[in-house]
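Worksheet: the structure to be examined is printed underneath.
Residue numbers (my numbering), protein chains in the order written: chain V, 5 to 169; chain D, 5 to 169; chain U, 723 to 808; chain X, 723 to 808.
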């Protein structure tokens, strides 16, 4: 089960999907919405994705994991849209014959997902600030140039000249 | 939630018990009954425990983990009695602000549980053999001296002389 | 969302969409173009995007792509700021 | 399961119970006794248990205990073969 969803994630269903008589260990990782980060209070989150690429790169991730680790089954579900405190943003389930493999594979999956899958988190703080999370980028530099998205989107067309052919 | 139980483990209830707005990561480990081990086919398992000590040493384990790791909540449930293939024998849930802690603490908990908590697994193979699992001990040496447990148990009393006071 | 035969689509996400002021641009290809050339053109038109250039990843048809990738009519290019899923 | 005031209980689990042929023994204390002395006595009475001595752990009142632990009337001693929970 590899899935992007706007509905609440059901961890029990994901666990069920990786259950197998060949497995002696199952590991489920859940990312959840934390209230405080570096002293700042979150009100809620909004996750957005390049959905078609996120879906195909999650499938690619699953395949790479299956090649690297001796696992039985993998399931990944990522939530999109608005999430309240405590809700599950991502769930990764892995089953394997022995537990060492499950821990290694699970950790690799979440670490790589966070580096590679085109999904973005927007923090909404209780003080009203809204901030895209882009590790490495200065949020002020980005926020300072907000040009009123959505009026412009999709309407804008440009016709760029070719550079050096 | 620290618990020994003869009923099927409900992973969703355990996850619920460690859910917290301060947690950004939840990790759930499930030990499950595997069909094949080293080429031998398991029919079912039977788990037995020194229940009062297992309960108190699980509480001790939880406390040691809380001292060593910056975790939010811990839940551990171990199943006892007869388990079919695929069933969950142990469930360990950990929530923490950041995922690295959850992985480390979860791994420490299951590794230490397996070294220390007085619970024993008896393998029942499809060929009819029954074997206590005692890592390090020769199962044949043990199985060869089966003196008909249960007739003797509790009826036996002995009155040993003091050795060197 | 349908593209003319001689155009490419460029998608912007999250803060990149804010910097450009659009989630999608449609461009006519006047001739062969590499991803690097497209980027340079975009950076000239959108200085706020150029200021973040070193942080951006790019995909062509849903695969991360190197700068020298040659673009073809019908391609979908995506400008991908640092991801933060999970 | 009630113990007389001058006795200790010894519990055997899993294969250790099979080796001894009992899950529980009740012993009168004739005087001060250490866990090591109790073990030696048990090993003399139950050679199959003695053969596995090096693998066994022991607990006194639900805590793993060192061999030199002094036993007291009312104590519960447990003979714990290698555990295999999880």
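Just so it is clear, CB atoms sit at the ideal spot from N, CA and C, and this is done for glycine as well.
Do the segment 23-39 of chain D and the segment 20-30 of chain V make contact, defined as three or more Cβ pairs closer than 8 Å?
Segments in contact, yes.
For residue 80 (chain D) and residue 73 (chain D), I'd like the C-alpha separation in whole angstroms.
Whole-angstrom Cα-Cα distance: 16 Å.
Top-ranked residue by Cα proximity to residue 785 (chain U), from U:799, U:777, U:747, U:756
Looking at the Cα atoms, U:799 is the closest of the given residues.
7 Å Cβ cutoff met for residue 58 (chain D) and residue 8 (chain D):
In this structure, residue 58 (chain D) lies near residue 8 (chain D), with their beta-carbon atoms less than 7 Å apart.
Cα separation between residue 737 (chain U) and residue 136 (chain V)?
C-alpha separation (whole angstroms): 6 Å.
Using beta carbons (cut-off 7 Å, strictly below), is residue 54 (chain D) in contact with chain V?
Closer than 7 Å: no.
Distance, residue 113 (chain D) Cα to residue 66 (chain D) Cα:
Each residue's Cα considered, the two are about 8 Å apart.
Proximity below 7 Å, CB of residue 778 (chain X) to CB of residue 741 (chain X):
If you check the CB distance, residue 778 (chain X) and residue 741 (chain X) do not come in under 7 Å.
Going by alpha carbons, who is nearest to residue 804 (chain X) out of X:734, X:728, X:729, X:750?
Nearest of X:734, X:728, X:729, X:750 to residue 804 (chain X), Cα basis: X:734.
Name the residue from X:760, X:750, X:802 whose alpha carbon lies nearest to the alpha carbon of residue 729 (chain X).
Ranking X:760, X:750, X:802 by Cα distance to residue 729 (chain X) puts X:750 first.
Do residue 49 (chain V) and residue 125 (chain V) count as a contact pair if the criterion is CB distance below 7 Å?
Note that the C-beta distance between residue 125 (chain V) and residue 49 (chain V) is below 7 Å.
Shorter than 7 Å from the beta carbon of residue 137 (chain D) to some beta carbon of chain X?
At least one chain X Cβ lies under 7 Å of residue 137 (chain D).
Which residue or residues does DSSP assign as beta-bridge partners of residue 118 (chain D)?
Paired residues: none, contrary to the question.
Residues that residue 114 (chain V) contacts on chain B, provided the C-beta gap is smaller than 8 Å:
You won't find chain B in this structure, because its protein chains are V, D, U and X.
Work out the CA separation of residue 68 (chain V) and residue 790 (chain U) for me, nearest whole Å.
Residue 68 (chain V) has its alpha-carbon roughly 25 Å from the corresponding atom of residue 790 (chain U).
Between the segment 28-45 of chain V and chain D, which residues of the former have CB atoms less than 9 Å from a CB of the latter, in chain order?
Result list: 28, 29, 30, 31, 32, 33, 34, 35, 36, 37, 38, 39, 40, 41.
Considering only the beta carbon of each residue, do residue 100 (chain D) and residue 75 (chain D) sit closer than 7 Å?
The answer is yes: Cβ separation under 7 Å.
Would DSSP call residue 44 (chain D) helix, strand or coil?
Note: residue 44 (chain D) maps to strand in three-state DSSP.
Within 10 angstroms of its Cβ, does residue 775 (chain U) collect 16 or more other Cβ (buried), or is it exposed?
With fewer than 16 other beta carbons inside 10 angstroms of its own, residue 775 (chain U) counts as exposed.
Span of the beta strand (DSSP E) holding residue 36 (chain D)?
Counting along the chain, the beta strand (DSSP E) containing residue 36 (chain D) begins and ends at 29-36.
Give the interface partners of residue 806 (chain U) over in chain V, defined as CB-CB distance under 8 Å, in chain order.
Contacts between residue 806 (chain U) and chain V, judged by CB atoms closer than 8 Å, involve 118, 123, 124, 125, 136, 137, 138, 139 in chain order.
By a C-beta neighbour count over all protein chains shown, 10 Å radius and 16 as the cutoff for buried, is residue 12 (chain D) buried or exposed?
Note on residue 12 (chain D): under 16 other CB atoms within 10 angstroms of its CB, so exposed under the neighbour-count rule.
Could you name the residues of the same chain whose beta carbon sits closer than 7 Å to that of residue 744 (chain X), not counting the 5 residues immediately before and after it, in chain order?
So the list reads 734, once near-sequence residues are dropped.
Minimum C-alpha distance to residue 106 (chain V) - residue among V:22, V:142, V:145, V:121
Cα-wise, what sits closest to residue 106 (chain V) is V:22.
Residues that residue 90 (chain D) contacts on chain V, provided the C-beta gap is smaller than 9 Å
Residues of chain V with a Cβ closer than 9 Å to the Cβ of residue 90 (chain D) are, in chain order, 23, 24, 25, 27.
When DSSP labels each residue in this structure, what does residue 135 (chain D) get in the three-state scheme?
Judged by DSSP in its simplified three-state form, residue 135 (chain D) adopts strand.
Have a look at D:85, D:34, D:47 and flag the residue whose alpha-carbon is nearest the alpha-carbon of residue 10 (chain D).
Measuring from the Cα of residue 10 (chain D), the nearest candidate turns out to be D:85.
Using Cβ-Cβ distances below 7 Å, what residues of the segment 775-788 of chain X are close to chain D?
Hits within the stretch, in order: 777, 781, 784.
In the structure shown, what three-state DSSP assignment does residue 781 (chain U) receive?
Correct three-state label for residue 781 (chain U): strand.
With DSSP collapsed to three states, give me the class of residue 129 (chain V).
Residue state, collapsed to three classes: strand.
Going straight from the alpha carbon of residue 115 (chain V) to that of residue 98 (chain V), what length do you get?
Cα-Cα distance, rounded: 14 Å.
Since residue 5 (chain V) meets chain U, which of its residues come closer than 8 Å, beta carbon to beta carbon?
Going along chain U, no residue has its Cβ under 8 Å from residue 5 (chain V), so there is no contact; the nearest lies around 17 Å.
Can you name, in chain order, every residue of its own chain whose Cβ lies under 8 Å from the Cβ of residue 18 (chain D), other than the five neighbours on each side?
Within the same chain, residue 18 (chain D) has close Cβ partners 5, 32, 79, 81, 95, 97.
Would residue 110 (chain D) count as contacting chain X if we go by Cβ distances under 7 Å?
Not closer than 7 Å to any Cβ of chain X, the Cβ of residue 110 (chain D) fails to qualify, so no.
Amino acids of chain D, ordered along the chain, whose beta-carbon sits closer than 8 Å to that of residue 765 (chain X):
Those do not exist, as residue 765 (chain X) stays about 11 Å from chain D at its closest Cβ, beyond 8 Å.
Based on Cα-Cα distance, which residue from U:802, U:780, U:806 lies nearest to residue 756 (chain U)?
Measuring from the Cα of residue 756 (chain U), the nearest candidate turns out to be U:780.
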